[in-house]
Every structure is written in structure tokens, then in C-alpha cells.
Amino acid sequence: MAYEVFVDSLEDLDEGKELDLVVRELAPGHNKYNSHHVKAFVYSDPKKSSEAEELRIRFQRGRQHPSPWAIKIVREMDGFYKDNG
Amino acid sequence: MGGVKDNREFIEALEKSGDLVRIKRETDWDLEVGAITRRVCEKGAPAPLFENIKGYPNHRILGTPLATQRRLAVALGLDAGASFKEILATFGERKEKPIKPVIVKNAPCKENIIAEKDINLNDFPVPMIHDGDGGRYFSWQVLATKDPDSDWINFGMYRFMILNRNHLAGLIGNYTHAGMILYPKYFAKKKSMPFALVSTPEPLTALVAMLRFAPYENEVDFAGGLLQEPVEVTRCETSDILVPANAEMVIEGEILYNETAPEGPFGEFTGYRATPRQNRSVLKVTRITHRNAPILGVSNMGIPVDDSHIGTSIGVSWGMTKILRENGIPITGAYAPPQGLGNEIAIIGVKKKQAWSSNIACHIGNLVSTQAWQPGMLTKVFVVDEDVDVYNLDEVWHSIASKLHPARSIKIREDEIGVKIAPYLSYEERLRSKGARVIFDCTWPSEWSDDVEIPAKVSFEKMYPEEVKNRVLDNWKKDFGGK
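Laid out in C-alpha cells, this is it:
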């Protein structure tokens, strides 16, 4: 499975830290582009983790970063951001 | 003859007028439908009806339902070749006579009812419209929300992105009635707001959802006025919101008061993808009803002309016409051309000799700014003399080229409200909603005399005696074969 994440800059993707991200899935089919709220580790060099899956990166207005990274999803969160209540 | 009262009747009417093509080969919801509809907008081509969508048998997509002046004319029940001036007159006359809706039983939109446990938004061919958008977007629908303190049901057209099988994310701006008036009433009580997302109603209900009305005015009454008969409505399954009975699909649920999710980016009506991805409203879906073999309407916003430009052009043009007349301005016409986003450029014709001020252009500029679809738009106002047809952009260009003094005819207003979506604003200006406006006075100065200072216009109309013109016109067909 490949995923994609939108970021302001690559600095948002801090390698070695568990990150809170909303990624979207890219596998072909009806569920393509569905969003997932996850805790995950990311790797700029996909070879750094054999368990990781492909992560493509886009910037906030949709421009695609040329090189794919990798993502290891630790767990999927329930819901999105509880920040309004 | 009134407007068309059903999306399927609209498709038949468009086919009859030559404004629709059926695409029977397999097309992919993932970018191909988007690429076709984008090119349709840029070419002014007929509306495509996609009848064979990859992975979605028994579903169809109607692309760009109102993206041309011809299709708007058909929706209003006029001849497809009606001029903008004719369409505007019909629109204005009907809009001033709203008609209340009627509640009906056996609504077509309830031919199929999907319970909460079975809901999957991905079961519908919602397209990925532009490469790099945040997700699959519903792009031709009406968000219906109800005031908890009155019978007011607000219709607005906003974009909604599929998050997962039963959640959407949406941009409901705090300048809209739903975002500015209704949502805060629920939010203050820590309550989620019921909604109905009406996908692909008849085109005039979609049109009114794009337009600007006063708070507590029911848009559906104005749709009835445009139709010249009541819109048939039905009550939602999960709330007391009334929705058009013959809509293709109704998605019901709640806008959550305590949850946000990343939404966007999305190719917007400005022709750019300017608004970044941010945390925005989350909509939980609890019921879907739809017609048999539903037809999903798809708009494709971007470089003009798309559905949003046509819709706002007619609404803003009428709004400007009305307010200028009500204020006693001797106008010959008011036009917000779709090529100017329908909401950013205003062209006003004025009988300057009848105006009470030589600086009437400034007053016009102030008045029309109140008719923008949202504050901070209609930022470029061109005022032309009465000899210019405001609906003819060739004539307007000539007026700008020949009459606009590059220094004294341009009035700049700084420190105005700006809209975050405007591509020309800096990042700092967007954050602070700071903008500017400019008025281009393309009229001859009032103090110039006809005999000495105002140059003679070199045109067929102005340069020749009536007798000569009549002789030329009488022989034109013989000389030029009707060209």
C-alpha cells in the first residue's frame, strides 16, 4: 500500500520521531484517496526500514515532491482532530 | 415558459438544443472525468453526460451543468441562443417574485434509502477532479442547514471532500450564512448542526445556492420564482430540513461541533489552487437517499468559464443593476462578466450627463462593492459612457484603451477587506484579510464640451448620414453574402 501526505515543508516530517499525521491511501479502487489519521514514523530514505511502505509527499497547494519517502504506521487513530469542543 | 424543474428534464432539454453530448465509452472517475470537464469549460463545449464510469455501473455523471450562457438560458426555459441582456432581464423579473415551495409525498430522491450502517460514500463515482486536490470532491450540490430558532432553511454551494466511507470535510467560510449565522448557534451550545447535502437538484436550485441573499431569506423561494412554480420539497429522514424532492441524491448527517480534519487543497474558481490545506469542518453522514440510477452533477472550477462564473455573473450583474437603479444612478447596464470570475470585475455603463456628479464613477464603485458574492470581491470596477455596450467586451476594451487616463482616471482604495482566496494577495494580506479596490473611470470628463474637447467617435454608427447608412445596409447581403 502507498500513502500520501500534505505538508507545509519537509521540516514537518521529523525523522526518528513518532508523528501525528493524516495520510491518504493511494491503492487503486473505490477507497483510493480516503484519509487516515495515524501515528507513524517516516523515512526520507525508503531503504532505512524494511517494514515501511511508500509515502508520497505533496505541499499545501498540491505540488508534488519529486522523491518518495517511506512510512511505518504504528497505529490508526479514531476520528480526526478533537480541537473545537 | 418557466424553468426546467428536474435534472433529467434539463438533460433532455440540453440534448435537444445541442448543448449535451453522451459519452458512452468507459471513463475513469480518477482524473479522466476531471480532465474532460476542465477542457469542456475552457472550450465552451457541450455538457458531457458520462454513461459508463469505470467501476460504477448504474451510475452516471453530468459534467458542468451550467458552464455556458446557453445552458443557463435552457435552465430558465429560454431559447439557448438568448443574449445575456435577455437572460438578465428574465432572471431579474422572476427573482423579484419568489414563490414558496410545496411539500410532496413520494419524492424521487427517496427511491433508495441507505441506513447508517451501510453507508459508503465511495459507492458513488465522486471524481478526483484535479491532480493534486486533497481528495474526491462533491462539486455540484447544495448544503441545506436550518436555523434552530426559526423556519429559515439556508441553501449554499460549498465544496465537500470525502474523508472516508462516512465522513466529509468542507470549507464553510465564516463569511457565509451557514458559517457566520447558523453554525455559531449550534456551536455555542456544543451541539452538532444537522445538514442535508443535496447533490444535483434541478439547475435553478443549484443556481440560487451560488447567489447572495439576505439572512433569513429562503433561497428555495427564489428558485421557485425562477422556475415560475413552487419547488417541490420533501422532509429529510433524520432532520426537519426540507430538500428538493427530485434531487438525484441527498446526504444527511451532522456537522460536528468538536472535530476538524485536513481539507483541500482544491482547484478554485479563481483559476488557481490558492487556499492551502487546513483543518476544517467534519460532516458525519448518517443517511443517504437517492434516485434510481443516480446522476451525479460535477462542476470543474478553474480558468473561466465554469459553472460558478456563469452563476455568479448573472446574480452579481442583477444585484448591481438593482442597487444602482434604486440609488438613482442613470445606468445603461451593469455586467460582471464570467471571464472576470463573475464576481471580480464590474462594468457599469452610465449616462454621465444625467448624473449629479462629475465623479459619479466613485459613487458607482462604492455601491457595487456591496453586491459582491462575499466582502472583498468586485475589486475592479470599470465605468463607461452610455455609447458603450457593457455586455460587449470588445467595446469595453476599446473604451479602456481610448478613454482611460492612466493617471487621473484611476481611483485606488487601499486598506479595504480582502478575501483569503484571492491569488493576487500576499501571504500577509491573506492572513489579515487585507485588500484593495480600484475604480477605472472610462468616461469623458463632465467639463469637456461636445464641440471642442470630446473627440468624434469613428464608427459606422456615428460617422455617416442616415441616408448613406441605410443604402449600405440595404445592399449588405447582396454585397457580402450575409456576412
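Quick mapping for you: the protein sequence lines, in order, are chains A and B.
The opening residue of the first sequence carries number 852 in the numbering used here; numbering runs sequentially from there.
The opening residue of the second sequence carries number 19 in the numbering used here; numbering runs sequentially from there.
Even for Gly, the Cβ is constructed at its ideal location relative to N, Cα and C.
1. Thinking C-alpha only, which one of B/Glu-250, B/Val-261, B/Leu-301 and B/Ile-259 is nearest B/Leu-274?
2. Under 8 Å Cβ-Cβ, which residues of chain B neighbour A/Arg-914?
3. On the three-state DSSP scale, how would you describe B/Phe-231?
4. Quick check on B/Ala-300 - is its C-beta less than 8 Å from some C-beta in chain A?
5. Starting from the beta carbon of A/Gly-930, find every residue of chain B whose beta carbon is closer than 7 Å, and list them in chain order.
6. Tell me the rounded alpha-carbon separation between A/Gly-930 and A/His-888.
7. Taking the alpha-carbon positions, what's the B/Met-503 to B/Arg-291 distance?
8. Is it the case that the Cβ atoms of B/Ala-85 and B/Asp-239 are separated by a distance below 8 Å?
9. Is A/Lys-933 closer than 8 Å to B/Asp-48 when the C-beta atoms are compared?
10. Under a Cβ-count criterion, where at least 16 other Cβ atoms within 10 Å of its own Cβ denotes burial, should B/Leu-113 be classed as buried or exposed?
11. Using DSSP with H/G/I as helix, E/B as strand and the rest coil, what is B/Ser-217?
12. Per DSSP, which residues does A/Pro-917 bridge with? Please list them.
13. Return the residue from the list B/Ile-418, B/Trp-415 and B/Lys-452 that minimises the CA-CA distance to B/Glu-432.
14. Distance cutoff 8 Å, beta carbons only. Does A/Lys-933 sit that close to anything in chain B?
15. Is B/Met-395 helix, strand or coil by DSSP?
16. Give the single residue among A/Ile-908, A/Val-873, A/Tyr-894 and A/Gly-880 whose Cα lies nearest to the Cα of A/Lys-923.
17. Are the C-beta atoms of A/Tyr-884 and some chain B residue less than 8 Å apart?
18. When you compare the CB positions of A/Met-852 and A/Glu-927, do they come within less than 8 Å of one another, or not?
19. Please list, in chain order, the chain A residues whose beta carbon lies closer than 7 Å to that of B/Met-146.
20. Examine the ligand FMN and report whether any of its heavy atoms sits within less than 7 Å of the Cβ of B/Ile-71.
21. What ranges does the beta strand (DSSP E) occupy inside the segment 333-384 of chain B, keeping only unbroken runs of at least 3 residues that lie completely in it?
22. Is it right to say B/Leu-215 is buried, meaning 16 or more other beta carbons lie within 10 angstroms of its own, or is it exposed?
23. Note down, in chain order, every chain B residue with its Cβ under 8 Å from the Cβ of A/Arg-907.
24. Taking any Cβ of chain A, which residues in the segment 46-72 of chain B have a Cβ under 8 Å from it, in chain order?
25. Please confirm whether A/Gly-936 has its beta-carbon closer than 8 Å to some beta-carbon of chain B.
26. Any idea what DSSP makes of A/Gly-936, helix, strand or coil?
27. For B/Arg-295, which residues in chain A fall below 7 Å Cβ to Cβ?
28. Throw me the rounded Cβ distance for the B/Thr-252 and B/Ala-263 pair, which I believe falls under 8 Å.
29. Is the separation between the beta-carbon of B/Thr-55 and that of B/Gly-81 shorter than 8 Å?
30. Run the CB neighbour count on B/Thr-388, radius 10 Å, all protein chains shown included, and call it buried at 16 or more, exposed below.
31. On the CB-based measure, 16 or more other CB atoms within 10 Å of its CB, does B/Met-481 come out buried or exposed?
32. Would you say A/Val-889 faces chain B, with C-beta separation under 8 Å as the test?
33. Buried or exposed for B/Asn-493, going by 16 or more other Cβ atoms inside 10 Å?
34. What separation, rounded to the nearest whole angstrom, lies between the Cα atoms of B/Gly-394 and B/Thr-304?
35. Output the distance between the C-alpha atoms of A/Gly-936 and B/Ser-210, rounded to the nearest integer angstrom.
Looking at the atomic coordinates:
1. Of B/Glu-250, B/Val-261, B/Leu-301 and B/Ile-259, the residue nearest in Cα terms is B/Leu-301.
2. Per Cβ cutoff of 8 Å: Gly-150.
3. The three-state reading of DSSP puts B/Phe-231 in coil, since its state is none of H, G, I, E or B.
4. As written in the sequence, residue 300 of chain B is Val, which differs from the Ala given in the question. Proximity of B/Val-300 to chain A, defined by a Cβ-Cβ separation below 8 Å, is satisfied.
5. Neighbours of A/Gly-930 on chain B, chain order: Glu-277.
6. Taking the Cα positions, A/Gly-930 is about 7 Å away from A/His-888.
7. No information on residue 503 of chain B is available, as it lies outside the stretch 19 to 501 that chain B covers here.
8. Their beta carbons are not under 8 Å apart, which means B/Ala-85 does not touch B/Asp-239 by this criterion.
9. No; because the gap between Cβ atoms is not below 8 Å, this pair is not in contact.
10. In the sequence on display, residue 113 of chain B carries Lys and not Leu. Buried is the label assigned to B/Lys-113, since at least 16 other Cβ atoms lie within 10 Å of its Cβ.
11. Reduced to three states, the DSSP call for B/Ser-217 is strand.
12. According to DSSP, residue pairing for A/Pro-917 in a beta bridge does not occur.
13. Per the Cα distances, B/Lys-452.
14. Under the Cβ criterion of 8 Å, A/Lys-933 is counted among the residues facing chain B.
15. In the structure shown, B/Met-395 adopts coil according to DSSP, grouped into three states.
16. For the set A/Ile-908, A/Val-873, A/Tyr-894 and A/Gly-880, the Cα lying nearest the Cα of A/Lys-923 is the one of A/Tyr-894.
17. A/Tyr-884 counts as touching chain B.
18. Cβ distance not < 8 Å, so A/Met-852 and A/Glu-927 don't count as in contact.
19. Those within 7 Å of B/Met-146 in chain A are Tyr-884.
20. No copy of the ligand FMN appears in this structure; indeed no ligand is present at all.
21. 349-353 and 363-368, all fully within the segment 333-384 of chain B.
22. With 16 or more other Cβ atoms within 10 Å, it is buried.
23. Ordered by position in chain B, no residue passes the 8 Å Cβ test against A/Arg-907, which lies about 11 Å from the chain.
24. From the segment 46-72 of chain B, only Asp-48 have a Cβ closer than 8 Å to chain A.
25. Caution applies to A/Gly-936, whose pLDDT of 43 falls short of 50 and renders its modelled position unreliable; the value that the coordinates give is listed next. Taking Cβ atoms only, chain B reaches closer than 8 Å to A/Gly-936, which makes this a yes.
26. Unreliable positioning characterises A/Gly-936 in this predicted model, as indicated by a pLDDT of 43, which lies under 50. A coordinate reading is not provided.
27. Correct list: Phe-857 and Gln-911.
28. About 4 Å separates the two Cβ atoms, so the contact holds.
29. In contact: B/Thr-55 and B/Gly-81 (Cβ atoms closer than 8 Å).
30. When all chains shown are included, B/Thr-388 counts as exposed.
31. By the Cβ neighbour-count rule, B/Met-481 is exposed, with fewer than 16 other Cβ atoms within 10 Å of its own.
32. Judged by the 8 Å Cβ criterion, A/Val-889 is not in contact with chain B.
33. The residue in question, B/Asn-493, is exposed, as its Cβ has fewer than 16 Cβ neighbours within 10 Å.
34. Across the structure, B/Gly-394 and B/Thr-304 are spaced so that their CA atoms are roughly 36 Å apart.
35. Any reading at A/Gly-936 must be qualified, since the residue scores a pLDDT of 43, below 50, and its modelled position is unreliable; the value itself is stated next. One Cα belongs to A/Gly-936, the other to B/Ser-210, and the distance between them is close to 10 Å.
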